[in-house]
Structure formats: C-alpha cells, structure tokens
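Novice: Pasting a structure below so you can have a look.
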Amino acid sequence: SAVISQKPSRDICQRGTSLTIQCQVDSQVTMMFWYRQQPGQSLTLIATANQGSEATYESGFVIDKFPISRPNLTFSTLTVSNMSPEDSSIYLCSVGRGLRNTEAFFGQGTRLTVV
Amino acid sequence: AQTVTQSQPEMSVQEAETVTLSCTYDTSESDYYLFWYKQPPSRQMILVIRQEAYKQQNATENRFSVNFQKAAKSFSLKISDSQLGDAAMYFCAYGQIKAAGNKLTFGGGTRVLVKP
C-alpha cells in the first residue's frame with residue numbers, strides 16, 4: 001500500500017478566502033489525482049496532476065478555481081480559491097501504484113467547511 | 116464516458132450473516148479494472164478488493180469476494196460473516212487504463228448497516 005498524508009485534515013474557512021491542501025506520498029509516483037466528495041455524495045475527479053506539466057482538469061472544474069501544483073514526484077497541492085459555501089466538501093488526493101498503476105490509494109481527506 | 120451504478124442506497128445485515136452489494140458499469144473498453152472501497156465515518160477510503168478485467172477468476176480477500184460478470188458488466192461484492200466493523204459506505208469504482216492517467220469513476224455508494 002501507499003502512505004499518503006494530507007494536510008489539513010479539516011478546516012473552517014470564510015467565504016471569499018482560499019485554502020491550500022497538501023498531499024505527500026511516501027514514494028515517487030507518476031500521477032496524482034484530486035477528488036471532491038460533496039456532502040452525502042460520491043467522489044468526483046477534479047484533476048490529474050503530472051509532475052512537470054500542467055494539471056488536466058475534468059469537465060466542470062477550472063484551473064482558476066482549483067489551481068494545482070506538482071513540484072516533484074512525491075508532493076502536490078490543491079488550492080480551493082475564492083471559496084463559497086458550495087465548496088464545502090471532502091477533498092481527497094489519490095495515487096496509483098503497482099503494475100499499470102492499477103492499485104489506487106487515497107489520503108485521509110480534508111473536510112472543508114465554508115461559512 | 117464510463118458510468119457506474121449502485122442500485123442499493125442502503126443495505127442492512129445481521130451480524131455474522133452475508134450481504135451482497137450490486138454494481139453495474141458501462142464502458143466500451145475491454146481493458147480496465149474495478150474496485151470496491153469502504154468509507155467509514157472517518158472518511159478514509161479503504162481499498163477492499165480489486166479486480167482486473169482480463170482476469171476471469173473472481174477476486175477474494177478474506178471475508179470479501181466479488182462476482183465479476185464481464186459480459187453483463189456487473190461487479191457485485193459479497194461480505195460474509197458480517198462484523199460490526201463492516202458498517203460503512205461502500206463505493207464501487209471503475210478504473211480506466213490510460214497513458215494520461217488511470218482515472219476512477221465511482222458509483223453513488225451503498226450504506227451498509229450491521230445489526231448486532
């Protein structure tokens with residue numbers, strides 16, 4: 001398995017502000033993924049972060065709202081910008097491991113509440 | 116686009132009994148993989164079991180086993196000898212294999228309640 005550390009584990013933020021979530025992996029990985037889980041909902045992929053290139057965003061998610069950094073093969077950050085109460089969700093990072101990267105592991109998630 | 120459907124919002128099982136969670140998916144790909152994840156209130160996504168589409172044999176992990184029917188695009192999870200600690204949300208996920216990144220598509224989830 002992979003050890004993935006996410007910080008912060010939770011936060012309460014004022015609307016209009018921004019929060020940066022960090023994801024640290026215990027070994028080098030090619031791809032890192034950021035998911036959002038809205039209250040009572042399933043997980044939805046926000047973007048795929050590859051080291052050395054711009055993140056690839058899924059439909060409905062834009063870089064201005066969710067800028068992502070991937071400075072090296074073990075670390076990534078997701079920023080939730082200009083937050084509104086609708087951004088209140090759990091944000092999770094994930095990595096792939098193993099043959100063909102078909103073993104997917106998740107960080108413990110960041111519970112964000114926007115007031 | 117791939118879709119994953121979990122038709123059971125909630126399932127209840129007596130401790131020590133067996134429960135089966137259903138999952139169907141839609142894809143035009145022949146090479147992919149499937150997961151069941153458990154999410155307790157701690158919100159940690161815990162990998163329960165994984166199945167590669169090219170493998171005909173159904174995956175098993177201790178009390179957890181799957182019934183993978185590729186032609187029917189069905190991937191059900193059986194939890195045997197249910198324990199109180201099995202109570203959680205369970206998500207079925209489809210994983211596409213792409214050079215650009217193996218993205219996961221999740222079903223809506225099934226809440227499992229275990230009665231003592």
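From first to last, the protein sequence lines stand for chains A and B. Take the first sequence: its position 55, counting from 1, is numbered 55 in my numbering, and each next residue is one higher. Take the second sequence: its position 101, counting from 1, is numbered 216 in my numbering, and each next residue is one higher. Glycine residues also receive a C-beta, built at the ideal position from the N, C-alpha and C atoms. Nothing here was measured: the structure is a model prediction, and the numbers come from that model.
(1) What does Glu103/A touch in chain B if you count any residue whose Cβ is under 8 Å from its own?
(2) Chain B partners of Gln108/A, CB-CB under 9 Å?
(3) What number of angstroms, rounded off, separates the C-alpha of Val80/A from the C-alpha of Ala49/A?
(4) Where Ala202/B and Pro156/B are concerned, what is the direct C-alpha to C-alpha distance, given to the nearest angstrom?
(5) Can you find a CB in chain B that lies within less than 7 Å of the CB of Gly96/A?
(6) Any chance you could list the beta strand (DSSP E) runs of at least 3 consecutive residues sitting entirely within the region 126-167 of chain B, in chain order?
(7) Could you tell me if Ile63/A is buried or exposed, where buried requires 16 or more neighbouring beta carbons within 10 angstroms of its beta carbon?
(8) Need the endpoints of the beta strand (DSSP E) that Pro71/A sits in, please.
(9) For Thr102/A, which beta-bridge partners are listed by DSSP?
(10) Starting from the Cα of Ala104/A, find the closest Cα among Met160/B, Thr120/B, Val134/B and give me that residue.
(11) So what's Asp87/A in DSSP terms, helix, strand or just coil?
(12) At 7 Å on the CB atoms, spell out the chain A contacts of Tyr279/B, in chain order.
(13) Do Lys218/B and Thr139/B have their CB atoms nearer than 7 Å?
(14) State whether the region 220-230 of chain B contacts the region 158-172 of chain B, with contact taken as three or more CB pairs (one from each stretch) at a distance under 8 Å.
(15) So which residues of chain A does Gly200/B contact, with C-beta pairs closer than 9 Å?
(16) Cα-Cα, which of Leu192/B, Gln198/B, Gly210/B is closest to Ser137/B?
(17) Sort Pro8/A, Ser9/A, Pro85/A, Phe33/A by Cα distance to Arg70/A and report the nearest one.
(18) Mind listing the chain B neighbours of Ile63/A? Cutoff is C-beta to C-beta under 7 Å, in chain order.
(19) Of all the options Val134/B, Ile212/B, Lys230/B, Ser143/B, which has the alpha carbon lying nearest to the alpha carbon of Ala116/B?
(20) Between Leu199/B and the rest of its own chain, which residues show a CB-CB distance below 7 Å, the 5 nearest in sequence each way excluded?
Specialist: Straight from the coordinates:
(1) Stepping through the first sequence from its first residue, residue 103/A is reached at position 103. Simply Leu162, Arg165.
(2) On the first sequence, residue 108/A is found 108 positions in, with the first residue counted as 1. Within chain B, the residues near Gln108/A are Ser157, Arg158, Gln159, Met160.
(3) Taking the first sequence and counting its residues from 1, one reaches residue 80/A at position 80. Taking the first sequence and counting its residues from 1, one reaches residue 49/A at position 49. Looking at the two C-alpha atoms, the distance is approximately 15 Å.
(4) Walking along the second sequence from the start, residue 202/B turns up at place 87. Walking along the second sequence from the start, residue 156/B turns up at place 41. Looking at the two C-alpha atoms, the distance is approximately 9 Å.
(5) Here residue 96/A corresponds to residue number 96 of the first sequence, with the count starting at 1. For Gly96/A, the answer is yes, since a Cβ of chain B falls inside 7 Å of its Cβ.
(6) 134-136, 139-141, 147-154, 161-167
(7) Locating residue 63/A in the first sequence gives position 63, counting from the first residue. Under this definition Ile63/A is an exposed residue.
(8) The count along the first sequence starts at 1 and reaches residue 71/A at position 71. From DSSP, the beta strand (DSSP E) with Pro71/A extends over 68-72.
(9) Here residue 102/A corresponds to residue number 102 of the first sequence, with the count starting at 1. Note: Thr102/A sits in no beta bridge, so no partner.
(10) For the purposes of this step, residue 104/A is taken as residue 104 along the first sequence, with counting starting at 1. Cα-wise, what sits closest to Ala104/A is Met160/B.
(11) Here residue 87/A refers to the residue found at position 87 when the first sequence is read from its first residue. Three-state DSSP puts Asp87/A in a helix.
(12) For chain B, the structure presents residues 116 to 231; residue 279/B sits outside this window and is missing.
(13) Within the second sequence, residue 218/B is the residue found at index 103, counting from 1. Within the second sequence, residue 139/B is the residue found at index 24, counting from 1. No.
(14) no
(15) To locate residue 200/B, count along the second sequence from 1; it is residue 85. Under the 9 Å cutoff, chain A gives no residues; its nearest Cβ is about 18 Å from Gly200/B.
(16) Within the second sequence, residue 137/B is the residue found at index 22, counting from 1. Considering only alpha carbons, the answer is Leu192/B.
(17) Walking along the first sequence from the start, residue 70/A turns up at place 70. For the residues Pro8/A, Ser9/A, Pro85/A, Phe33/A, the minimum Cα distance to Arg70/A belongs to Phe33/A.
(18) Position 63 of the first sequence, counted from the first residue, corresponds to residue 63/A. Chain B residues near Ile63/A: none, gap ~16 Å exceeds 7 Å.
(19) Working through the second sequence from its first residue, we reach residue 116/B at position 1. Closest by alpha carbon: Ser143/B.
(20) Along the second sequence, read from residue 1 onward, the residue named residue 199/B stands at position 84. Hits under 7 Å: Glu130, Val229, Pro231.
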